[in-house]
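For the record, the sequence lines run as chains A and B.
Quick note: the first sequence, position 2, residue 421 per the working numbering, numbers continuous.
Quick note: the second sequence, position 63, residue 299 per the working numbering, numbers continuous.
Below is one structure, written out as C-alpha cells; comments come after it.
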Amino acid sequence: MAHVAVMEPPAAAERGAGVYNEKLGMWVFLGSEIMFFTALIGGYIILRVGAPGPWALPGKVLNVPVTAFNTFLLICSSVSMVKAYASVVDGDQQKFKMWLLITIICGASFVGVQAYEYTHLIEHGFLPSGYREGSELAEKAAQGLIPAATGGIYGSTFYTMTGFHGFHVTCGVVSMIWVYVKALRGGYSATDYRGVEVIGLYWHFVDLVWIILFTVVYLV
Amino acid sequence: MATTAATVDQLSHAGHVDTRSFLRKYIFSTDHKTIGIQFLIMSLVFLALGGTLAMMMRWQLGFPGRPIPGGSVLPETMAPGGVLLPEFYNSLVTMHGTFMVFFAIMPLLVGVFGNFLIPLKIGAPDMAFPRINMASFWVAASAGIIMLAGFLVEGGAAGAGWTSYAPLSETAEYSGVSLGQQLWCVSLIVLGLSSILGALNYITTVINMRAPGMTWFRLPLSIWALFITAILVLLAIPILSGAVIMLLFDQTIGTHFFQPAAGGQVLLWQHLFWFFGHPEVYILILPAMGMASDIIANGSRKPIFGYESMVFAIIGIGFLGWVVWGHHMFQSGMNPTLGQTFMISTLFIAVPSAIKVFNWLGTMWRGTLHFHVPMMHAVAFVAMFVIGGLSGVFMASTPFDIYIHDTYFIVAHIHYVLFGGSLFALFASITYWYPKMFGRMMSPFWGKVHFWLTLVFYNCVFFPMHQLGLHGHMRRIYDPTQYDFLKPLQPLNEFISIAAFLLFASQAIFALNFILSWFFGAKAEANPWKDNALEWTVSSPPPHGNFPETPTVYRGPYEYSSPEVSEDYLPQNKRLPTDRAPAPQPAGH
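The following block contains the structure:
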C-alpha cells in the first residue's frame, strides 16, 4: 500500500507532527510569513498612531468599492480552492480541475484589478512618496480636503503592504498554474493530493492576510 | 519528490553504488552533508575576509594615519598611499560586522552544523526537503556575492554600521554611500530567504524524521539547540526582511518610513531591527552551546549533567530572547518604566545561562577528562562565555549601560560572546566533526598549538577593550588620537593591535591544518572520539543516504561510563538484552 503512505508521516520514524512533511513544512513556512506581514502591518500601525496629523478618511484617496469587489473575488477563490480540494479527495478529477482553474482565474483577476487600481492611483497622483506635485490629489491636499502632512507615509505604507500582498498572490497563482499543469497530467489522485492541499493552505493564508489588510488599510 | 517511504529506501541503497554525476554530487548536490560542507567553505572564506577587514581597522586604531604595510595595493578610493580614508574605515566597520554576523558565524552554526548534524544525529536519510536545502545554499552564496559587490561599486561598500541605523543609512547625504548601502539591503533580503528555507527544513526534519526510538528527550543537545535556533530564525528573519525592505524602499522609490520630516519614525527602524536582532544574538550562541554540550560530555566521559534542565534552559533562552530587545535602545529614548521592564527581562536571561554553565561544570566535575583538541576549545568556550555573559549583566542594568553605551566595552562584550563564545565552540565543533565530514583527522599537535595561541592572543585583544570602554573610548571612531582624553590610551590601543595581528596570524595554523588534513590527514575510523550519537555508527564520511538501514534508538546520547557495558561508551542504537524495541507505531498513523 505504498500509495497510501505518501499522505502519512514518513515511514519508519518516531511519532512527529502526525502529518506528512510537505504539509508540516507549509505550516512552518506560514509561521514565517505571519512574522513578515506582522513587521509590515506593525510598522504601519506605529507610523499611523504616531503620525504628525490625521490620516486620510476611508474612500478619500483609495477606491473602496473596486477593492471591495476584489476582496469578494479573493474570498470566492478561497471557496473554489476548498471545492477543488474536496473534489480531488473524492476522486472527481473533472470537478477538481474545473475548480482549480476557477481559483486560478479569480487569483489572476485579483492581481489584474490591483494593477488597474495602482495605475489609477498613480494617475491621480498617489505615489509611494506621497501626493505628486501638481496632481489632482496634491490639489485636494492643498485645499485641505485630505490631510497633507501624512500623505507621505500613507503612500509608503499603502504601496508596501498591498504590494507585498499582491506579490504573494502572484506567487500563489504561478504555483497553482504549476499544480494545474500537473493535474492535467494526472499527477493527483484521491490517495495523493499533497500539492493541492499544500497550495490550498498557502492560498487561504494569503486570503486571510488580505482580509486584515483590507480592513486596516481601506476601511479604518 | 517521490514518496517519502521510497526516498528512504532508494537513499539507503544508493549508499553502495553512487551513480550521481559530478555536478549533482559536488555542486548542485541535494545531500545534506555536501550542502553542509559547501556552507562550511563559504563561511570560512567570509570569516577570513571579515578578519582581514578587522586587521585594517586595528592598524588604523593602533597607528592612525600611518600607511598600512602593503596597503599600496588598495585603490585610491579606499586608501591613497596606503593610508585608510575615513569613509573606507566606515565601510570596514560595517562590512566586518555584516560578514561576521550574517556570512560567517550564522552560516557556520546554522548552515553548516544544522545541515550536517540534524539528519545524521536523528537517524534520517536526509533532510525533509533536499531540493529546498540545495536552494538555500545557492541563495546564500548569491547573497554573499551581492554583499561583496559593494566594494566594487562607486561610493564603496555600505558604511552605516552593521545595524544600519536610520536616518544615517537612508541617504548618501548622511553616510556618503548610495549604491553600496542598497546592495547591503538587497543582499540581506536574499540571505533572509535562504535562512527561512533552511529553518523550515530543519524544523520539519526534526519533528517528522526522527528514527524509531529517538524520542524528544533522547535528542542530543546540539539538535535541541539547532531546533530552537531554527524556530528563532524562522520567526526573527522575516522581521529583518520587512525592515530592510522598508529601508531599501526609502533609499530607492522615495517612501518615508524612517524619515521624520515626512512623518516617518527613525525609532521604528531600531525597534524592528532589534526585535529581530536580539533573537539573532541567541541564534548566534544557542547552537554553539548545544554542540559544546555534546563535546564536553564526550571529553568528560560522563553523562551530561542535568539533561532536562539543559533543554529547558535552551527553550527558556529562546523565549526570553523575544522580550528583551529594548535593552539595545536604553539611550534612544524610552519611557523609564519600559526601560526598567526591559532591564528586568534581560537580567532574567542570566538564569538559564547560568544553569547551562553550572551544568557544564557539573559534567566535568569528577569526570575522566580527555583533553582532545575539541574538548580544549569547548572548555575555553565555557570560560570565555562566562566573561562575556557577566559583562552582559553589566550592560543589562540601565544605569551602567548609559555610562558605557557606544564604547569599546560593548565591543569587548560582543567579541567575548561571539568570538570567545561562538567561535571557540565552532573551532571545537569543526575539529570534532571534521573526521565525519572528510574522513580524515585534523592534526592534534597543530590543533593544540592553534588553540593556545588563539586563547592567549584573543584575551590580549579583547580583554583590554573593557578598559578602553570604561575610559570612554567610543566605538566606530576613525582616529582616537584626535581626542585629548583618549591620547593616554594610545599605548593600550597599540598593544591591542599588535595582539590582534598575532591572533590573526595564528589562524593561519588552523587554515593550514584544515586544508592539509583534507588531503594528508590520518584516515579517520567510524568513531574516533568514542561517541554515542548515531552519526558515529556509520563510516566516515557516511554514505549518500547516511544509514544502510534505519537505526533503532534505545537511549539518550550521553551514556558514557555506563556500568552496563565494559567500554566507557554506549551507542544510542546498541541493543542490550534489557532493552525493549520501541513501541510499534499505531496503525494508520
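Beta carbons: idealized from backbone N, C-alpha and C, even for Gly.
If you're wondering where the values come from, they're calculated on a predicted model, not measured in any experiment.
| Query | Result |
| --- | --- |
| Determine the contact status of B:Leu462 and B:Leu384, defining contact as a CB-CB distance below 8 Å. | no |
| Identify which residue in B:Pro799, B:Leu722, B:Ser802, B:Arg256 has its Cα closest to the Cα of B:Pro300. | B:Leu722 |
| Quick check on DSSP: helix, strand or coil for B:Leu247? | The predicted position of B:Leu247 is uncertain, since its pLDDT is 47 and thus under 50; no value can be drawn from it. |
| Return no unless some Cβ of chain B is closer than 8 Å to the Cβ of A:Ser575. | yes |
| In chain B, which residues lie less than 7 Å from A:Phe448 when you measure between Cβ atoms? | Leu436 |
| Can you name the residues of chain A whose CB is closer than 9 Å to the CB of B:Gly449? | Glu433 |
| Could you confirm whether any beta carbon from chain B is found closer than 8 Å to the beta carbon of A:Gly444? | yes |
| Answer yes or no: does any C-beta atom of chain A fall closer than 8 Å to that of B:Ala498? | yes |
| Can you give me the C-alpha to C-alpha distance between B:Ile713 and B:Gly562, rounded to a whole angstrom? | 24 Å |
| In its own chain, which residues sit with a C-beta less than 6 Å from the C-beta of A:Ile572, not counting the 5 before and 5 after it? | Leu466 |
| Among the residues of its own chain, which have a CB less than 8 Å from the CB of B:Thr488, if the five just before and after it don't count? | Gln418 |
| From the DSSP secondary-structure annotation, give me the bridge partner or partners of A:Gly549. | A:Leu546 |
| B:Ile443 versus chain C: which residues are under 8 Å apart at the beta carbon? | The structure shown has no chain C; the protein chains it does contain are A and B. |
| Please determine, among B:Val329, B:Leu522, B:Ile358, the residue with the shortest C-alpha to C-alpha distance to B:Thr786. | B:Ile358 |
| Taking the C-alpha atoms as reference points, what is the distance between B:Gln246 and A:Arg613? | Since pLDDT at B:Gln246 reaches only 46, below the 50 mark, its modelled position is unreliable, and no value is offered. |
| Going by the beta-carbon positions, is the gap between A:Gly582 and B:Gly478 smaller than 8 Å? | no |
| Can you grab the Cα-Cα spacing for the pair B:Gly391 / B:Gly416, in whole Å? | 7 Å |
| Check each candidate in A:Ile596, A:Gly531, A:Trp622, A:Ala609 and name the one with the smallest Cα separation from A:Met445. | A:Trp622 |
| When the distance is taken between beta carbons, is A:Gly570 closer than 8 Å to A:Pro547? | no |
| Take B:Phe687 and list the residues in its own chain whose beta-carbon comes closer than 8 Å to its own, dropping the five residues that flank it on each side. | Val609, Met612, His613, Ala616, Phe663 |
| The stretch 546-567 of chain B: which residues have C-beta closer than 8 Å to a C-beta of chain A, in chain order? | none |
| For B:Tyr805, which residues does DSSP report across the bridge? | B:Tyr796 |
| One question on the structure: do B:Gly657 and B:Phe681 come within less than 8 Å of each other, judged by their Cβ atoms? | no |
| Measuring only between beta-carbons, confirm whether B:Ser477 sits less than 8 Å from chain A. | yes |
| Contact between the stretch 370-385 of chain B and the stretch 401-414 of chain B: three or more CB pairs below 8 Å? | no |
| Does DSSP put B:Thr399 in a helix, in a strand, or in coil? | coil |
| Three or more beta-carbon pairs under 8 Å between the stretch 593-605 of chain B and the stretch 626-646 of chain B, yes or no? | no |
| State the CB to CB distance for the pair A:Val615 and A:Val598, rounded to an integer number of angstroms; the pair is presumed to be in contact (CB under 8 Å). | 6 Å |
| Nearest chain B C-beta to A:Leu459 closer than 8 Å, yes or no? | yes |
| Among the residues of its own chain, which have a CB less than 6 Å from the CB of B:Leu424, if the five just before and after it don't count? | Val480 |
| Are the stretch 725-736 of chain B and the stretch 287-299 of chain B touching, with three or more C-beta to C-beta distances below 8 Å? | yes |
| Could you tell me whether the Cβ atoms of B:Met331 and B:Ala393 are closer together than 8 Å? | yes |
| Secondary structure at A:Thr490, three-state DSSP: helix, strand or coil? | helix |
| Could you compute how far the alpha carbon of A:Val507 sits from the alpha carbon of A:Ile523? | 16 Å |
| Does the beta-carbon of A:Val628 have 16 or more other beta-carbons within 10 angstroms, so that it is buried, or is it exposed? | buried |
| Give a yes or no on whether the minimum CB-CB distance between B:Ala364 and chain A is below 8 Å. | yes |
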